Amino acid sequence: MVSADKILEEAKKHQVDIIGLSGLITPSLDEMVHVASEMERLKFNTPLLIGGATTSRVHTAVKIAPAYSGAVVHVNDASKSVPVAGSLLSKDLKTGFLSDLKVEYDRLRDQNKNAQSQKKFISLEEARKNKFPVNWKQAKIHAPKNLGTSVFKNFDLAEIAKYIDWTPFFHSWELKGSYPKILSDPERGTEAKKLFDDAQAMLQQIIKEKWLEARAIVGIYPAYSNANDDIELFDEQGETQCLFHTIRQQTKKPAGQYNIALSDFVKPSEEGNGTDYLGVFALSAGFGIDEHVKRFEANHDDYNAILLKALADRLAEAFAELMHQKVRKEIWGYDATEKLNNEDLINEKYVGIRPAPGYPAQPDHTEKETIWKLLDVENQIGMTLTESLAMIPTAAVSGLYFANDASHYFGVGKINKDQVEDYSKRKKKANEVMERWLGTVLAY
60 MVSADKILEE AKKHQVDIIG LSGLITPSLD EMVHVASEME RLKFNTPLLI
110 GGATTSRVHT AVKIAPAYSG AVVHVNDASK SVPVAGSLLS KDLKTGFLSD
160 LKVEYDRLRD QNKNAQSQKK FISLEEARKN KFPVNWKQAK IHAPKNLGTS
210 VFKNFDLAEI AKYIDWTPFF HSWELKGSYP KILSDPERGT EAKKLFDDAQ
260 AMLQQIIKEK WLEARAIVGI YPAYSNANDD IELFDEQGET QCLFHTIRQQ
310 TKKPAGQYNI ALSDFVKPSE EGNGTDYLGV FALSAGFGID EHVKRFEANH
360 DDYNAILLKA LADRLAEAFA ELMHQKVRKE IWGYDATEKL NNEDLINEKY
410 VGIRPAPGYP AQPDHTEKET IWKLLDVENQ IGMTLTESLA MIPTAAVSGL
460 YFANDASHYF GVGKINKDQV EDYSKRKKKA NEVMERWLGT VLAY
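Count the sequence shown with the numbering used here and you get residues 60 to 503, in order.
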């Protein structure tokens, strides 16, 4: 993460027209507020563009824009930044653009305030009493065929490509619609077809010339959940290997609905009669990408550089889908007879889930550190974590495998201070540190 001082120093040095900030990880959001505050303190009047996977229009309106009296504009992706920049730098368009933006941000702030005031929260203690119920006496617990870790290198890219979900690929290019229907869309079909043809041609080149390498590591371990919403993993000798910390929904639920945490899907230790199991994984389809991106950029070929990155991301997600199926049918083997086509996989019709740190069911990116330590990811397959816990190569996925029939995806939503304090204590980290990592889900 580049410091605010460095960004603003360079902005002054080069007398830039616009400053852009991109955030991929939750702590980036706080840093963006800090940059905006520093711009205000130093009396900047340069427009500030906000973008990146972790950002949103609401967060920009509620948290960042109030910190700076200059223009603060959220852009969904790089393709949108060009017309926005044009409006900000145009004498004719700027006033109207900023006036419309103010109206929109005021509306978003009001909506957010109303939404937050209508939400009712319960204590963490109450939420734990309303955990998701699993009948562990009747639950099917499958002992893994392969306990411990399995490492995969130079995985067949042609096989991975069969699992690609193309719909998000088009969305990343701001072509809304589902594949394959978008190819025949009366408005977007021509553009979508050309993009798809270009992607197919490059994909075949990636596979044939081995531009990229796919690597993965998977571990299956005996596991128990505890009363504190943690999941404890053991080795075959019963020695504790690590704790995964989960977060529980804390909004008040109607009768018959539950305050769920991921730990609810793992057998509690007090149930006895053998352990449960939990899977852990990290994978990437982006090894080797930098060489080819630099080659395109050296030729000022931004289109193909972006296309390659987009395809690497799709291959990584496809690799995650393929490996999850391999776990279900072979490595863990809890659903060895599964027969699902690619559409079924995309629609998540399989048994089990693979939640990832930093996503709705577990919004804390610091859980990646536990994955990396447990699996020895860096030494085993060469994937690393940055200071802000982004994965390198960036075309990557990591997370947990749950096999329980009742396990399903959910969003934690907002949480209250009592849970943050409890979570920080369990993580052995200061409240302020965890508040920074959990900024997007804090209800206070």
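Every residue gets a Cβ at the ideal spot worked out from N, C-alpha and C, and that includes glycine. Quantities reported herein were computed from a predicted structural model and do not represent experimental measurements.
Could you say which of the options lies nearest to residue i if we only look at CA atoms?
i       : options                            : result
Glu-68  : Lys-269, Val-94, Ile-430           : Val-94
Gly-82  : Ala-186, Val-134, Phe-103, Thr-114 : Thr-114
Ile-390 : Ile-276, Ile-290, Tyr-317          : Ile-276
Leu-506 : Phe-324, Gly-498, Tyr-482          : Outside the displayed range of the chain (60 to 503) lies residue 506, so it cannot be described from this structure.
Val-75  : Ala-314, Ser-243, Tyr-336, Ala-144 : Ala-144
Ala-217 : His-118, Gln-263, Asn-104          : Gln-263
Ala-415 : Leu-342, Tyr-283, Pro-239, Val-492 : Leu-342
Asp-323 : Ala-186, Tyr-238, Asp-224, Lys-212 : Ala-186
Gly-129 : Asn-104, Ala-112, Arg-116          : Asn-104
Gly-331 : Ile-200, Arg-247, Thr-119          : Ile-200
Ser-466 : Met-91, Val-410, Glu-99, Lys-312   : Val-410
Ser-96  : Thr-443, Ala-112, Ala-260, Lys-122 : Lys-122
Thr-7   : Ala-258, Ala-198, Lys-204, Pro-203 : The displayed coordinates of the chain run from 60 to 503. Any statement about residue 7 would go beyond what the structure contains.
Thr-499 : Gly-441, Lys-312, Val-117, Leu-152 : Val-117
His-133 : Gln-308, Leu-80, Lys-178           : Leu-80
Tyr-468 : Glu-90, Asn-406, Gln-439, Asp-64   : Asn-406
Trp-270 : Asp-349, Lys-161, Gln-384, Tyr-164 : Asp-349
Gly-297 : Glu-272, Pro-313, Tyr-336, Ala-286 : Tyr-336
Pro-313 : Ile-77, Phe-340, Lys-240, Asn-189  : Asn-189
Asp-394 : Ala-63, Lys-204, Leu-167           : Lys-204
Asn-135 : Ala-112, Lys-153, Phe-156, Tyr-127 : Ala-112
Lys-212 : Phe-156, Leu-167, Met-442, Arg-495 : Met-442
Met-382 : Phe-293, Tyr-222, Trp-496          : Tyr-222
Leu-497 : Asn-358, Lys-71, Ile-84            : Ile-84
Glu-446 : Ser-237, Ser-87, Gln-384, Arg-274  : Ser-87
Leu-501 : Gln-175, Leu-148, Lys-102, Val-193 : Gln-175
Ser-158 : Asp-169, Met-261, Val-131, Val-141 : Val-131
Who are residue i's beta bridge partners in DSSP?
i       : result
Ala-335 : Ala is not the amino acid found at residue 335; the sequence shown has Asp there. Answer is Ala-282.
Tyr-460 : Gly-338
Met-450 : Leu-444
Gly-79  : Leu-108
Tyr-393 : Note: Tyr-393 sits in no beta bridge, so no partner.
Gly-207 : Ile-279
Arg-274 : Ser-343
Tyr-418 : Gln-421
Asp-289 : His-304
His-133 : Ile-109
Ile-412 : Phe-461
Phe-180 : Thr-310
Ile-319 : Ile-319 pairs with nothing; no bridge assigned.
Leu-157 : According to DSSP, Leu-157 bridges with nothing at all.
Leu-501 : Ile-474
Let's test the definition: count the other Cβ atoms within 10 Å of the Cβ of residue i and tell me whether it reaches 16, buried, or not, exposed.
i       : result
Lys-110 : Per the sequence presented here, residue 110 reads as Gly, with Lys not at that position. Counting Cβ neighbours within 10 Å, Gly-110 comes out buried, since at least 16 surround it.
Thr-425 : buried
Asn-318 : buried
Thr-396 : exposed
Glu-491 : exposed
Asn-463 : buried
Ser-146 : buried
Thr-334 : buried
Tyr-460 : buried
Tyr-280 : buried
Thr-119 : buried
Ala-220 : buried
Ser-243 : exposed
Ala-489 : exposed
Glu-163 : exposed
Gly-417 : buried
Pro-106 : buried
Asp-256 : exposed
Gln-308 : buried
Gly-155 : exposed
Ser-274 : Reading off the sequence, residue 274 comes out as Arg, not Ser. Flag for Arg-274 reads buried.
Glu-329 : exposed
For the putative contact between residue i and residue j, defined by C-beta atoms under 8 Å, what is the C-beta separation to the nearest angstrom?
i       : j       : result
Asp-360 : Ala-320 : Between Ala-320 and Asp-360 the Cβ distance is about 47 Å, and since that is not below 8 Å, they are no contact.
Val-352 : Ala-364 : 5 Å
Pro-327 : Tyr-283 : 7 Å
Asn-401 : Phe-180 : With 8 Å as the limit, Asn-401 and Phe-180 do not qualify as a contact, their Cβ atoms being about 40 Å apart.
Ala-369 : Phe-228 : 6 Å
Gly-338 : Val-386 : 6 Å
Thr-310 : Lys-172 : Thr-310 to Lys-172, Cβ: 17 Å. No contact.
Val-471 : Met-493 : So it is not a contact: roughly 14 Å between Cβ atoms.
Glu-437 : Phe-346 : Not confirmed; about 13 Å, so no contact.
Glu-90  : Ala-63  : 7 Å
Check whether the Cβ of residue i lies closer than 8 Å to any Cβ atom in chain B.
i       : result
Pro-203 : The structure shown has no chain B; it contains just one protein chain.
With three or more beta-carbon pairs closer than 8 Å as the criterion, would you say the segment 293-311 touches the segment 419-436? yes
Any contact of the segment 426-434 with the segment 370-377, i.e. 3+ C-beta pairs under 8 Å? no
I want to know whether the segment 448-459 touches the segment 247-257 - three or more CB-CB distances under 8 Å. no
Any contact between the segment 199-213 and the segment 433-441? By contact I mean 3 or more CB pairs, one from each, below 8 Å. yes
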